[in-house]
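Peer 1: The following block contains the structure, expressed as structure tokens.
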Amino acid sequence: MTDTSLIRNFSIIAHIDHGKSTLSDRLIQLCGNVADRDMKAQILDSMDIERERGITIKAQTVRLDFKYKDGKVYQLNLMDTPGHVDFAYEVSRSLAACEGAILVVDASQGVEAQTLANVYQALDNNLEILPVLNKIDLPSADAERVKTQIEDVIGIDASGAIGVSAKTGLNVAAVLDAIVEKLPAPKGDPNAPLKALLIDSFYDAYLGVVVLVRIKEGMLKRGQKVRLMSSDANYQIERVGIFRPKQEMLSELGPGEVGFFTAAIKQVADTRVGDTIVDEKNMTATALPGFKPAQPVVFCGLFPVDAADFEDLREAVGRLRLNDASFSYETESSAALGFGFRCGFLGLLHLEIITERLEREFNLDLITTAPSVIYHMHMNDGSVVDMHNPADMPDVVKIKHIEEPWIEATILVPDEYLGAVLKLCQDRRGRQKNLTYVGTRAMVVYDLPLNEVVFDFYDRLKSVSRGYASFDYHIRGYEEGDLVKLTMLVNSDSVDALSMIVHRSRAEMRGRSMCEKLKELIKPHLFQIPIQAAIGAKVIARETIRAMRKDVIAKCYGGDISRKRKLLDKQKKGKKKMREFGQVEIPQEAFIAALKMDEN
Numbered sequence: 251m252t253d254t255s256l257i258r259n260f261s262i263i264a265h266i267d268h269g270k271s272t273l274s275d276r277l278i279q280l281c282g283n284v285a286d287r288d289m290k291a292q293i294l295d296s297m298d299i300e301r302e303r304g305i306t307i308k309a310q311t312v313r314l315d316f317k318y319k320d321g322k323v324y325q326l327n328l329m330d331t332p333g334h335v336d337f338a339y340e341v342s343r344s345l346a347a348c349e350g351a352i353l354v355v356d357a358s359q360g361v362e363a364q365t366l367a368n369v370y371q372a373l374d375n376n377l378e379i380l381p382v383l384n385k386i387d388l389p390s391a392d393a394e395r396v397k398t399q400i401e402d403v404i405g406i407d408a409s410g411a412i413g414v415s416a417k418t419g420l421n422v423a424a425v426l427d428a429i430v431e432k433l434p435a436p437k438g439d440p441n442a443p444l445k446a447l448l449i450d451s452f453y454d455a456y457l458g459v460v461v462l463v464r465i466k467e468g469m470l471k472r473g474q475k476v477r478l479m480s481s482d483a484n485y486q487i488e489r490v491g492i493f494r495p496k497q498e499m500l501s502e503l504g505p506g507e508v509g510f511f512t513a514a515i516k517q518v519a520d521t522r523v524g525d526t527i528v529d530e531k532n533m534t535a536t537a538l539p540g541f542k543p544a545q546p547v548v549f550c551g552l553f554p555v556d557a558a559d560f561e562d563l564r565e566a567v568g569r570l571r572l573n574d575a576s577f578s579y580e581t582e583s584s585a586a587l588g589f590g591f592r593c594g595f596l597g598l599l600h601l602e603i604i605t606e607r608l609e610r611e612f613n614l615d616l617i618t619t620a621p622s623v624i625y626h627m628h629m630n631d632g633s634v635v636d637m638h639n640p641a642d643m644p645d646v647v648k649i650k651h652i653e654e655p656w657i658e659a660t661i662l663v664p665d666e667y668l669g670a671v672l673k674l675c676q677d678r679r680g681r682q683k684n685l686t687y688v689g690t691r692a693m694v695v696y697d698l699p700l701n702e703v704v705f706d707f708y709d710r711l712k713s714v715s716r717g718y719a720s721f722d723y724h725i726r727g728y729e730e731g732d733l734v735k736l737t738m739l740v741n742s743d744s745v746d747a748l749s750m751i752v753h754r755s756r757a758e759m760r761g762r763s764m765c766e767k768l769k770e771l772i773k774p775h776l777f778q779i780p781i782q783a784a785i786g787a788k789v790i791a792r793e794t795i796r797a798m799r800k801d802v803i804a805k806c807y808g809g810d811i812s813r814k815r816k817l818l819d820k821q822k823k824g825k826k827k828m829r830e831f832g833q834v835e836i837p838q839e840a841f842i843a844a845l846k847m848d849e850n
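Using my numbering, read the sequence shown as starting at 251 and increasing by one per residue.
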């Protein structure tokens with residue numbers, strides 16, 4: 251067991267692309283945890299998709315041994331966290347297990363969107379914050395300006411901020427010294443009853459469910475019987491260990507230490523993140539505060555392109571759920587697409603990542619339907635029905651009114667982009683609640699309907715503010731709205747996978763936009779194809795794809811006109827018959843285009 255005064259638990263927090271994972275690589279290298287021949291960029295990002303996109307999706311942990319100037323060896327538990335807003339729950343769970351945080355800020359770009367949201371989360375957890383300016387070797391770096399910005403915008407002292415280049419390794423050793431000197435050591439009594447916080451869990455094909463824990467009090471030993479407080483399930487611990495970043499087995503973990511255990515747990519769903527783990531014989535009465543469960547906000551359908559792959563898709567989503575507890579799914583069927591799953595996600599990036607992982611790791615071809623949120627249908631008979639899928643909307647005559655979820659959004663944005671951000675919020679049916687200034691930045695609080703946010707609000711916000719706006723939100727509740735179901739008809743057949751719920755005032759614009767998109771994406775057939783957007787029986791927008799023409803009179807050289815007329819009439823009859831029986835192929839891109847509708 252390590253003396254708690256020699257332990258430092260810290261997270262690295264920053265905006266996307268400010269160099270969290272690169273700084274982690276340098277710290278691991280300096281502490282000699284990984285041999286130079288095994289070292290690779292983004293060593294903590296284990297998934298291929300993380301390495302290719304250059305983003306962190308899963309928070310990772312690693313133990314480093316650092317020999318300080320006084321000759322003592324310190325145990326540093328580092329947690330590398332994601333920067334994207336869709337994975338903010340990964341950040342929150344990592345911060346709850348730490349006493350300190352390294353705030354990485356790009357010395358050329360300064361304080362950006364997610365920097366603020368993550369710092370406020372760290373301050374909410376009462377963490378000590380150590381500012382580090384990365385990329386100081388760039389010609390455009392301006393350390394003094396960024397230090398002033400950190401003090402003005404975030405309100406923490408940045409006079410002692412360390413300037414480093416994580417890419418070249420310049421001055422990274424000073425960060426290790428600062429971690430020992432400035433970040434607090436954890437507290438905890440090894441003789442008290444066991445109390446451990448469950449940070450994360452994932453499925454390993456050989457070990458079963460691996461549970462990542464931070465010990466708050468007491469000792470966790472191999473062979474010990476423990477209880478998970480939220481599920482009241484008892485398990486006997488088989489293995490105890492740490493990541494360096496390879497697994498290393500130990501006999502016990504003491505207060506302040508971060509490690510993992512396995513205990514013949516069958517499903518990741520049995521281990522709820524934020525749960526308290528206690529000794530079965532010596533149970534403590536109070537549970538640790540834990541985390542709020544991850545609430546899916548976006549729902550969409552996933553269908554196999556080939557109906558015969560449905561069983562493979564069922565197995566694939568089951569296996570993905572093992573490693574991502576924030577992803578939920580249930581079976582559904584569609585007239586156009588056959589059998590598939592209705593899935594819940596934390597945002598559009600989460601949706602994209604899950605879809606890409608299903609296609610890559612399980613070799614599946616998938617069709618994704620338009621995303622939607624949960625609506626409350628108040629029926630005439632007094633009952634309330636939850637609706638995840640617009641295709642399941644009951645007859646309008648039976649509905650008294652529909653309620654949609656609203657969020658309270660807090661947006662921090664530099665003054666010069668404020669007008670564009672206010673216009674964007676107004677266009678999305680937002681109601682302004684507050685507008686104040688934090689240093690040189692405006693802080694706007696808006697109430698917004700969630701279905702206007704899940705489409706592409708975050709992308710549009712980034713583009714109108716050049717990435718400087720930080721966007722944070724929480725669900726505020728449900729409100730009645732004038733909502734209608736927009737149905738897309740292709741060749742007079744309803745395509746339920748493209749149905750969506752929209753506000754009546756925006757229905758025509760959305761319908762027109764969808765018709766134009768589909769006209770571009772559906773190839774011409776030998777007959778004319780009408781594309782219509784309708785609300786109930788009323789068509790509100792229409793485009794027509796002209797038929798491919800075959801020149802049937804090309805072989806007639808001169809001669810009587812009646813011969814040509816006969817051939818043209820025959821062609822006309824054939825096209826009429828084709829329009830009745832012809833099948834229109836809708837390409838997969840059409841379904842994906844519905845997600846990324848540009849509303850300029």
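Cβ atoms here follow ideal geometry from the backbone N, Cα and C, with glycine treated the same way. These numbers were taken from a predicted model, which means no experiment stands behind them.
#1: Tell me which residue opens and which closes the alpha helix (DSSP H) that TYR708 is part of.
#2: Using three-state DSSP, classify GLU300 as helix, strand or coil.
#3: What does the Cβ neighbour count give for ILE779, buried or exposed, with the cut at 16 atoms within 10 Å?
#4: Do you know whose CA, among GLN497, GLU467 and PHE511, lies nearest GLY504's CA?
#5: So the alpha helix (DSSP H) CYS765 belongs to, where does it begin and stop?
#6: Rounded to the nearest angstrom, how far is the Cβ of VAL555 from that of PRO621, given a contact under 8 Å?
#7: For GLU498, which residues of its own chain have a beta-carbon under 6 Å away from its beta-carbon, when the five flanking residues on both sides are left out?
#8: For the stretch 555 to 620, list the beta strand (DSSP E) runs that are entirely contained and at least 3 residues long, ordered along the chain.
#9: From the DSSP output, in three-state form, read off THR398 for me.
#10: Here's a check: name, in chain order, each residue in its chain whose Cβ is nearer than 6 Å to the Cβ of LEU388, leaving out the five neighbours to either side.
#11: If distances are taken between C-alpha atoms only, which option among GLY419, SER409, VAL425 and ILE278 comes closest to ALA351?
#12: Cα-Cα, which of ASP374, GLY669 and VAL567 is closest to ARG610?
#13: For the alpha helix (DSSP H) that GLN782 lies in, which residues bound it at each end?
#14: Relative to the C-alpha of VAL694, which candidate in SER501, ALA670 and LYS735 has its C-alpha closest?
#15: For THR893 and VAL430, I'd like the C-alpha separation in whole angstroms.
#16: Measure the beta-carbon distance from MET764 to MET738 and round it to whole angstroms, keeping in mind my assumption that it falls under 8 Å.
#17: Give me, in chain order, the residues of the same chain whose beta-carbon lies closer than 7 Å to that of ASP848; leave out the 5 immediate sequence neighbours on both sides.
#18: In the DSSP output, which residue or residues are listed as bridge partners for HIS638?
#19: Rounded to a whole number of angstroms, what is the C-alpha to C-alpha distance between SER344 and GLY506?
#20: Report the rounded CA-to-CA distance for ASP253 versus LEU470, giving the unit in angstroms.
#21: Here's the rule I'm using: 16 or more other beta-carbon atoms within 10 Å means buried, otherwise exposed. How should ASP407 be labelled?
#22: Report buried or exposed for VAL463, applying the criterion of at least 16 other Cβ atoms within 10 angstroms of its Cβ.
#23: When burial is assigned at 16 or more other CB atoms within 10 Å of the CB, is ASP275 buried or exposed?
#24: Any contact of the stretch 507 to 523 with the stretch 707 to 718, i.e. 3+ C-beta pairs under 8 Å?
#25: Any idea what DSSP makes of ASN850, helix, strand or coil?
#26: Between the beta-carbon of ASP520 and the beta-carbon of ALA558, is there less than 8 Å?
#27: Please name the residue, chosen from ALA411, LEU366, GLU606 and ASN368, that lies closest to VAL382 on a Cα-to-Cα basis.
#28: Looking only at its own chain, which residues have a Cβ that is under 8 Å from the Cβ of ALA747, when we skip the five neighbours before and after it?
#29: With respect to the alpha helix (DSSP H) encompassing ALA435, which residues constitute its N-terminal and C-terminal limits?
#30: Would VAL476 and VAL528 qualify as a contact pair, given that the criterion is a beta-carbon distance under 8 Å?
#31: Give me the Cα-Cα distance between GLU730 and ILE624, rounded to the nearest whole angstrom.
#32: Name the two residues that bound the continuous beta strand (DSSP E) containing LEU776.
#33: Excluding the five sequence neighbours on either side, which residues of its own chain have a C-beta within less than 7 Å of the C-beta of LYS317, listed in chain order?
#34: Beta-carbon separation of VAL547 and GLY590 under 8 Å?
#35: Starting from the C-beta of PRO644, find all residues in its chain whose C-beta is less than 8 Å away, skip the five residues before and the five after it, and write them out in chain order.
#36: Tell me whether LEU280 sits in a helix, a strand or coil according to DSSP, three-state version.
Peer 2: The relevant details are as follows:
#1: As a first step, residue 708 is located in the sequence shown; it is residue number 458 there, counting from the start. Per DSSP, TYR708 belongs to the alpha helix (DSSP H) from 707 to 714.
#2: Position 50 of the sequence shown holds residue 300. Legend: pLDDT at GLU300 = 47, less than 50; position of this residue unreliable, no value from coordinates given.
#3: Locating residue 779 in the sequence shown gives position 529, where the first residue counts as 1. Looking at its Cβ environment, which holds 16 or more other Cβ atoms inside 10 Å, ILE779 is buried.
#4: Your numbering for residue 504 matches position 254 in the sequence shown. Closest option to GLY504, Cα to Cα, is GLU467.
#5: Here residue 765 corresponds to residue number 515 of the sequence shown, with the count starting at 1. Unbroken alpha helix (DSSP H) run through CYS765: 754 to 771.
#6: For the purposes of this step, residue 555 is identified with residue 305 of the sequence shown, where counting begins at 1. For the purposes of this step, residue 621 is identified with residue 371 of the sequence shown, where counting begins at 1. Their Cβ separation, rounded to whole angstroms, is 19 Å, which puts VAL555 and PRO621 out of contact at 8 Å.
#7: Residue mapping note: residue 498 aligns to position 248 of the sequence shown, counting from 1. Here the set comprises GLY491 and ILE492.
#8: 578 to 584, 588 to 595 and 616 to 618
#9: Taking the first residue of the sequence shown as 1, we reach residue 398 at position 148. Three-state DSSP puts THR398 in a helix.
#10: On the sequence shown, position 138 is the one that residue 388 refers to. Result list for LEU388: SER358, in chain order.
#11: Taking the first residue of the sequence shown as 1, we reach residue 351 at position 101. When only C-alpha atoms are compared, the closest one is VAL425.
#12: Walking along the sequence shown from the start, residue 610 turns up at place 360. Cα-wise, what sits closest to ARG610 is VAL567.
#13: By one-based count along the sequence shown, residue 782 stands at place 532. Here GLN782 belongs to no alpha helix (DSSP H); instead the beta strand (DSSP E) covers 779 to 785.
#14: Within the sequence shown, numbered from 1, the residue matching residue 694 stands at position 444. When each option's Cα is compared against that of VAL694, the closest is ALA670.
#15: Shown here, the chain extends from 251 to 850; a query on residue 893 therefore has no answer.
#16: Mapped onto the sequence shown, residue 764 falls at position 514. Mapped onto the sequence shown, residue 738 falls at position 488. Confirmed, about 6 Å.
#17: Translated into positions along the sequence shown, residue 848 becomes position 598. Model confidence at ASP848 stands at a pLDDT of 45, short of 50, so the residue's coordinates are unreliable; what they give is reported in the following sentence. Nothing meets the Cβ criterion.
#18: Translated into positions along the sequence shown, residue 638 becomes position 388. None, per the DSSP bridge assignment.
#19: Taking the sequence shown and counting its residues from 1, one reaches residue 344 at position 94. Taking the sequence shown and counting its residues from 1, one reaches residue 506 at position 256. Spanning the two alpha carbons is a distance of roughly 14 Å.
#20: The sequence position of residue 253 within the sequence shown is 3, counting from 1. The sequence position of residue 470 within the sequence shown is 220, counting from 1. If you take the alpha carbons of ASP253 and LEU470, they lie about 15 Å apart.
#21: Residue numbering aside, residue 407 sits at position 157 when the sequence shown is read from its first letter. Burial call: exposed.
#22: For the purposes of this step, residue 463 is taken as the residue at position 213 of the sequence shown. Buried is the call here.
#23: On the sequence shown, residue 275 is found 25 positions in, with the first residue counted as 1. Buried: at least 16 other Cβ atoms inside 10 Å.
#24: no
#25: For the purposes of this step, residue 850 is taken as residue 600 along the sequence shown, with counting starting at 1. In this prediction, ASN850 scores a pLDDT of 43, lower than 50, which makes its location untrustworthy; the coordinate-derived value is nonetheless stated afterwards. DSSP places ASN850 in coil when its eight states are reduced to three.
#26: Translated into positions along the sequence shown, residue 520 becomes position 270. Translated into positions along the sequence shown, residue 558 becomes position 308. The answer is no: Cβ separation not under 8 Å.
#27: What you label residue 382 is simply residue 132 of the sequence shown in a count that begins at 1. Answer by Cα proximity: ALA411.
#28: Indexing the sequence shown from 1 puts residue 747 at position 497. These residues qualify, in order along the chain: GLY551, PHE553, SER584, ALA586, LEU587, ILE617, THR619, ALA620, ALA641 and PHE841.
#29: Position 185 of the sequence shown, counting from 1, holds the residue named residue 435. From DSSP, ALA435 is part of no alpha helix (DSSP H); its letter is neither H nor E.
#30: Taking the sequence shown and counting its residues from 1, one reaches residue 476 at position 226. Taking the sequence shown and counting its residues from 1, one reaches residue 528 at position 278. A contact, by the Cβ cut-off of 8 Å.
#31: Here residue 730 refers to the residue found at position 480 of the sequence shown. Here residue 624 refers to the residue found at position 374 of the sequence shown. Going from the Cα of GLU730 to the Cα of ILE624 covers about 13 Å.
#32: Mapped onto the sequence shown, residue 776 falls at position 526. Neither: LEU776 is in no beta strand (DSSP E) and is coded neither H nor E.
#33: To locate residue 317, count along the sequence shown from 1; it is residue 67. Closer than 7 Å at the Cβ level, and outside the excluded window around LYS317, lie VAL323.
#34: Start at 1 with the first residue of the sequence shown, and residue 547 comes out as number 297. Start at 1 with the first residue of the sequence shown, and residue 590 comes out as number 340. No, these two residues do not count as a Cβ contact at 8 Å.
#35: Position 394 of the sequence shown, counted from the first residue, corresponds to residue 644. The answer, listed in chain order, is MET627, MET629 and VAL635.
#36: Taking the sequence shown and counting its residues from 1, the one referred to as residue 280 is at position 30. Helix.
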